[in-house]
Structures are given as structure tokens and as C-alpha cells.
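S.K.:
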Amino acid sequence: MSFLNLEHLEKFFGPTRVVKDFNLSVEKGEFISLLGPSGCGKTTVLRMVAGFESPTTGAITIDGQNMVGLAANRRKIGMVFQAYALFPNLTVAQNVGFGLRIAKVDKATIARRVAEMLAIVGLGEFGNRFPFQLSGGQQQRVALARALAPQPQVLLLDEPLSALDAKIRVSLREEIRAIQKKLGITTIFVTHDQEEALSMSDRVVVMHNGIASQTGAPFEIYSRPTTRFVAEFVGTLNLLTATVIDADTGTVRIGDTNVALNRPLPGKTGTISLALRPEVVTLGPSAGREITLKGRITEVHFLGSVIRIRIDLGGNSVLLDTFNTPDTPPPAVGTDAEISVAERDLMVLED
Amino acid sequence: MSAKRIWAWFFILFGMVYFLLPLFGMFQFSLKMLRGRYSFEAYRVVLRDPQFQTTFGYSVVLALLTIVIGTLIVVPTAYWVRLKLPRARPFVEFVTLLPLVIPPIVIVFGYIRLYNTSSILPLTGSWIGTNILVLFGYTTLALPYMYRAVDTGLRAIDVATLTEAAQSLGASWVTILARVILPNVLVSVLSGAFLTFAIVIGEYVFAALLNLNTFGPYMVWMGGNRAYEPSALAVIAFGITWVCMGLIQLVTHFSKHTKAKR
Chain P
1 MSFLNLEHLE KFFGPTRVVK DFNLSVEKGE FISLLGPSGC GKTTVLRMVA
51 GFESPTTGAI TIDGQNMVGL AANRRKIGMV FQAYALFPNL TVAQNVGFGL
101 RIAKVDKATI ARRVAEMLAI VGLGEFGNRF PFQLSGGQQQ RVALARALAP
151 QPQVLLLDEP LSALDAKIRV SLREEIRAIQ KKLGITTIFV THDQEEALSM
201 SDRVVVMHNG IASQTGAPFE IYSRPTTRFV AEFVGTLNLL TATVIDADTG
251 TVRIGDTNVA LNRPLPGKTG TISLALRPEV VTLGPSAGRE ITLKGRITEV
301 HFLGSVIRIR IDLGGNSVLL DTFNTPDTPP PAVGTDAEIS VAERDLMVLE
351 D
Chain Z
1 MSAKRIWAWF FILFGMVYFL LPLFGMFQFS LKMLRGRYSF EAYRVVLRDP
51 QFQTTFGYSV VLALLTIVIG TLIVVPTAYW VRLKLPRARP FVEFVTLLPL
101 VIPPIVIVFG YIRLYNTSSI LPLTGSWIGT NILVLFGYTT LALPYMYRAV
151 DTGLRAIDVA TLTEAAQSLG ASWVTILARV ILPNVLVSVL SGAFLTFAIV
201 IGEYVFAALL NLNTFGPYMV WMGGNRAYEP SALAVIAFGI TWVCMGLIQL
251 VTHFSKHTKA KR
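Protein chains in written order, with the numbering used here: chain P, 1 to 351; chain Z, 1 to 262.
Here it is in C-alpha cells:
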């Protein structure tokens, strides 16, 4: 049994089912991201773990102990909020020491632990400031230190980076991950930002309409999405409509070209969806990418180091990325072109 | 200057004279106790009067206790309504406004009928019971001001998230109220408290009908029996109200100052 277990969690708000049969096992020290668009139920799952919502049915256990029915203030869970939620009347040090004071820890220990936590988040000098004297990024670090100070069993992060500007967001996410690894604390992170989820996590849970669409390592989620939703939500994706010619040998027809996928497609007939990441498509012939498709260039976006090109394959359109080379100008719109892909990069999506 | 502006100024001056002249007259009269010259003799007499000292002291104690009881009732209520029962807000606001619509005389007659010596809870039968009764009465009178002030204060902070943050750090409801909510609405509580203070100090109906020797009945008794002292008392009462108003201004200004920096 894992450290943190969520089993068959369901949550109704009135007649609406916002979380449906949600299952997740988290190992001790793991960093899990719940990724999904707004309204997918990811925050509700987090709030149920925190004890701010109670599940309609299902079980939550931490370290073998049942959490359902236990009040939020007895769960020993640290939480960081999007809106920082620092106590405005307390100084940074008092904020960080709040949980320890509630736990009636002696003053010397509190002072030592507060100093230690502030040092970890890089705000050692800021103990006497008030929250309103700090920037957003600094406030969020204080919030992190405050959540970690009482040594919680689990750390919950509810979109902690969403209110910050782009640069701070990137630096703070690296910092959060480093601190999490250093302390080895089990962490659940909720975000709608796929880059955050992919770059920080040990495992990502992609959520959609209250269910866990796919759970896996970031690389797996991105490279081998199992559902259409995951494929579309994580990263940019080309969707090709193809007709199955022979399911046993895996021959399909894209436009008017027959393509051999060389793997059986059990139970597939008629039209299917194939997915393709922009970075696995090459303009022109390429070794190792033996499938070629002919088309016409309809859009060219020059993005600096990368050129993003859209090609119409007669019914299907494909986006591809090529690196800019200083001696070759980008291709012109309207010219004929040929793309090559490898058969293994054509993903067959379950609808 | 156009005719319009002249009239505007005329009415402003007229209004000021209408308001200030009686005050000035009262103040001047209060200085005339000694024949033929202005002096603060009336004030000296009033302030020396042991009756003044006891009744005023009594009223101050009642006012402070009212503030404490009011805060203990209003802060948790306003907090709970904001956090858990937002739909009950119009109802609670209506209830807190009732003391402005129902005259104190009605309330106190109701109290006397309900809690007289032949009732199940004979509060009027003992000195301590009567005091409890008058305190609850005063808390009722202070409700509209206290509730509004505290509710406005709560609007300025993110009550829900702060509560959850405190909960996840292990705080109980009492701890959240005492350590997180109250300190953050203290400025609002204070401004409500000064108004309450001014109301309780001048209150007459409750005290008179419950036969308590507070400052209100003392002022009325003075007014019926003396010449110069009532004017001096009125000026003092005015002064107390104005100081309270000034303190509210000061506190509000102080709170704006801290918010501007936020």
C-alpha cells in the first residue's frame, strides 16, 4: 500500500458530479501533478485531501490512516494557495511560526525552525517584514515556508504560481521542486499549466470532466498519450483522419496515400484518428522517417529559432516545426512540399 | 460671483448659524454661573459632584462591557455569515437593522414583561440581573453600527482562504477567530466600539425604566433641577461624542494608511 491513497473518490455538488471514481496512489516523497483545464475537478480532489471538502463516497488514507471525516486542522497537511493567504497582521517570522505556535512548540524551537525554513526559501533577512512589504514571489515563498514549518505529512500546492509573472514563475517552480526533493516531502501540485506539470513532476495525472484521463511520468504523458483529450491538452498536436484498410497488418489510408503502421489495430474499422507531434515531422525526405506525404504549404510562422509551418495534405492539415538555418530562407506559402514521418510516431487515439 | 453662488453661500451660512448658534448659546450660558463674569464654575461644580462621578463611571463601565459583549457576538456572527451562510446575509442585515426601527421604549417594555419578578427568569429582581438585562439591551442598540463596521472590515480580507490556511496549520475555530480574524478586523471593531460608547453614555430610556443610576438619567435629573450645570453637562456630553467621532476618523485614517502600502 502506498503512502497516500485515494480510492474511488466521488464528489457531488448538488446534482453535478465533479469528481468521478478518482483513484491515485502516491509513494512517499513523490511529486504528483494534477493537470487539467478549469472545472476538471483537480482542485476539488486537492481540497478533499486537505479536508476542506468531504468526498461523497470513496476513501482517503495517508500512511494507513483514514482521513475521511477528520477535520482539516487535524490532518497535518501543509497547503499553499494561489492567493498566498499570508496573515496580514503577522510578520513573516510569525507567519512561518504560526503552525508551530498552534502546536504549542516551545519558543526556542520555533525560532530555530523559522530561521531554518526562511533560509531554505532564501528569505533569511525578511523575518521582521510584514507580508504587504514583500513582492508576490517572496510572499509565495513565505507561504511555502509556513506550510512546511510544522513538518506536515503531505504538501498540497493549489496553483501556487498562477498569480506570479512569467519569469518568477519559472524560477520559483525550479526552487519548489528543489526544496521538495531536499525535504523528501510527498507533494500534490494542482495546475492548468502543462509546462509546470511536465517540468516539475515525478508523475502527472491529466484530469478531464472529473476523471483521471491518464496517469504517468511526464515523458509518457507527452509521448504516449492514451486518450484523445490528453493528446490534445498536453502539447500541440496534429490530428489526421485515416481510413483502416487492413486492421491486422495495420495498413491505413491518409488522403490518397496508403501507409503501413506495421502494428495490428485490433478492432479498428472505418475512420480512425492519428495524432502527430509537430517535432516528429520533417519537411522533405529524412532518414528513419520512411512515410512520405505530399501537400502544399498554407502557413509559415517565423518564431526566431523555430519556424512553424502548416501543410495541407488534402483534407488533413499538419503543423510542423523546423529549426531556422541562417543560410536558407523559410519556405514560401503556396509551394508544394513533402513531409516525412516515422510510423511509430503516428499515435492511434482511443476516443 | 453669480447669483446662484451667492445663494449657495447664504444657505451654507444660514445652516451653520442655525446649527452653531444654539450650541454657542448653550456654551456661553454654561459659563455664566458666577454673576457678572465668565467662568468655568458650572463645570467645576459638575465635575466635582460625586453623583456625576459615580453615574459617569457606571456608564463608562456599562459601555465597555457592551463593547466586549457586542464584539463577542458580532465578530463570530459576521464571520460565519460571510464564510458559510452568504445566503443568510440579507436576513442577518435586516435583523441587525431592527434596533433602528423599533424604539428602545418598546424593547425595554418587552424586557420588563418577559423578565419581571413573576416570570420564569426574573432578571429584574436582582441588581446583577438588571445589569445583565441593560447590557443586552445596549448590545442590541449597538448592533446596527457594530455589525456594519465589522462586515465592512471582513470584506477587506480574504476570509475563506485565510481560514483554510489557518486550518491547514492546525488552528481550531476559536484560534482562527482570536488570532486571525479579530486582529485583522480590529480597526473596524474599534470604529464600531466608539459609536457604541457614545450611544451608551447618553442612553436614557433603558436606564430610567430599569431604574439604574447611569449618566443619562443623571443628565435629565440635572436638567430638571439646576440652571447652569445642565448646559455644562450637555457641552461635556457633546465633547465626548465628538472625541469618539474624532477617534473613528483617526482609526479609519490609520487603516487606510496601512492599506495603501499593501
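Ideal placement from N, C-alpha and C gives every residue a C-beta, glycine not left out.
#1: Which one of P:I185, P:L313, P:K76 and P:I221 has the shortest CA to CA distance from P:T241?
#2: Could you give the DSSP three-state label for P:H8: helix, strand or coil?
#3: For the segment 159-177 of chain Z, list every residue whose C-beta sits within 8 Å of some C-beta in chain P, in sequence order.
#4: Determine the chain Z residues that contact P:G78 at a beta-carbon separation under 7 Å, and present them in chain order.
#5: Do you know how far the Cα of Z:L100 is from the Cα of P:L34?
#6: Verify the CB distance criterion: does Z:C244 have a CB-CB separation below 8 Å to chain P?
#7: What separation, rounded to the nearest whole angstrom, lies between the Cα atoms of P:P131 and P:L123?
#8: Considering Cα atoms alone, identify which of P:V234, P:L349 and P:Q180 is closest to P:V204.
#9: Which residues, taken in chain order from the segment 97-128 of chain P, show a beta carbon closer than 8 Å to some beta carbon of chain Z?
#10: Grouping DSSP H, G and I as helix and E and B as strand, with all else coil, what is P:R169?
#11: Mapping DSSP to helix, strand and coil, what is P:E220?
#12: Should P:F52 be flagged as near chain Z, meaning a C-beta pair shorter than 8 Å?
#13: P:A145 lies in the beta strand (DSSP E); which residues open and close that run?
#14: Taking only beta-carbon atoms, is Z:K256 less than 8 Å away from chain P?
#15: Could you pull out every residue in the same chain whose Cβ sits closer than 6 Å to the Cβ of Z:T140, ignoring the five residues on either side in sequence?
#16: How about Z:P294: is its C-beta nearer than 8 Å to some C-beta of chain P?
#17: Looking at the strands, I want to know which residues DSSP matches up with P:P343.
#18: Please state if the CB of P:L239 and the CB of P:L346 are separated by a distance shorter than 8 Å.
#19: Helix, strand or coil: how does DSSP classify P:M207 here?
#20: Taking Z:V92 and Z:V75 to be in contact with their CB atoms under 8 Å, please state how far apart those CB atoms are, rounded to whole angstroms.
#21: Take the Cβ of P:M48 as the centre, count every other Cβ of all protein chains shown within 10 Å, and call the residue buried at 16 or more, exposed below.
#22: DSSP three-state label for P:D256, please.
#23: For P:P150, return the contacting residues in chain Z, with the cut-off set at a CB-CB distance below 9 Å.
#24: Short check: CB of P:L24 to CB of P:G51, under 8 Å?
#25: In three-state terms, what does DSSP make of P:R113?
#26: Pick helix, strand or coil for P:S162, following the three-state DSSP scheme.
#27: Rounded to whole angstroms, what's the CA-CA distance from Z:M146 to P:I168? Just pull it up for me.
#28: Using the beta-carbon of each residue, which ones in chain P are nearer than 7 Å to Z:P183?
#29: Just verifying my parser: in three-state terms, what is the DSSP assignment at P:R308?
#30: Does Z:R179 pass the burial test, meaning 16 or more other C-beta atoms within 10 Å, or should it be called exposed?
#31: Given this structure, state the Cα-to-Cα distance separating Z:L135 from Z:P104, to the nearest angstrom.
#32: I'd like to know whether the C-beta of Z:V180 is nearer than 8 Å to at least one C-beta of chain P.
#33: Determine which residues of the segment 175-204 of chain P have a Cβ less than 8 Å from any Cβ of chain Z, and write them out in chain order.
#34: Are the Cβ atoms of P:I311 and P:T322 separated by less than 8 Å?
#35: Please classify Z:H253: does DSSP put it in a helix, a strand, or coil?
#36: Helix or strand or just coil, what does DSSP make of P:A337?
M.R.: Reading from the atomic positions:
#1: Closest in C-alpha terms to P:T241, from the list P:I185, P:L313, P:K76 and P:I221, comes P:L313.
#2: strand
#3: T161, L162, E164, A165, A166, Q167, S168, L169, G170, A171, S172 and T175
#4: S168
#5: P:L34 and Z:L100 have their C-alpha atoms some 52 Å from each other.
#6: At a cut-off of 8 Å between C-beta atoms, Z:C244 does not count as an interface residue with respect to chain P.
#7: Inter-residue distance for P:P131 and P:L123 is about 12 Å (C-alpha atoms, whole angstroms).
#8: It is P:V234.
#9: F98, G99, I102 and A103
#10: helix
#11: helix
#12: yes
#13: Here P:A145 belongs to no beta strand (DSSP E); instead the alpha helix (DSSP H) covers G136 to L148.
#14: Low local confidence applies: a pLDDT of 49 at Z:K256 is under 50, so the model's placement there is unreliable, and no value is given.
#15: Around Z:T140: P99.
#16: Given a span of 1 to 262 for chain Z in the structure shown, any question on residue 294 of chain Z remains unanswerable.
#17: First, the amino acid is wrong: residue 343 of chain P is Glu here, not Pro. According to DSSP, P:E343 bridges with nothing at all.
#18: no
#19: The three-state secondary structure of P:M207, taken from DSSP, is strand.
#20: Between Z:V75 and Z:V92 the Cβ distance is about 13 Å, and since that is not below 8 Å, they are no contact.
#21: buried
#22: In the structure shown, P:D256 sits in coil (DSSP, three-state: anything other than H, G, I, E or B).
#23: L169 and G170
#24: No.
#25: helix
#26: Of the three classes helix, strand and coil, the one that applies to P:S162 here is coil, per DSSP.
#27: 42 Å
#28: N89
#29: strand
#30: With 16 or more other Cβ atoms inside 10 Å of its own Cβ, Z:R179 counts as buried.
#31: About 13 Å.
#32: yes
#33: none
#34: no
#35: Note: Z:H253 maps to helix in three-state DSSP.
#36: strand
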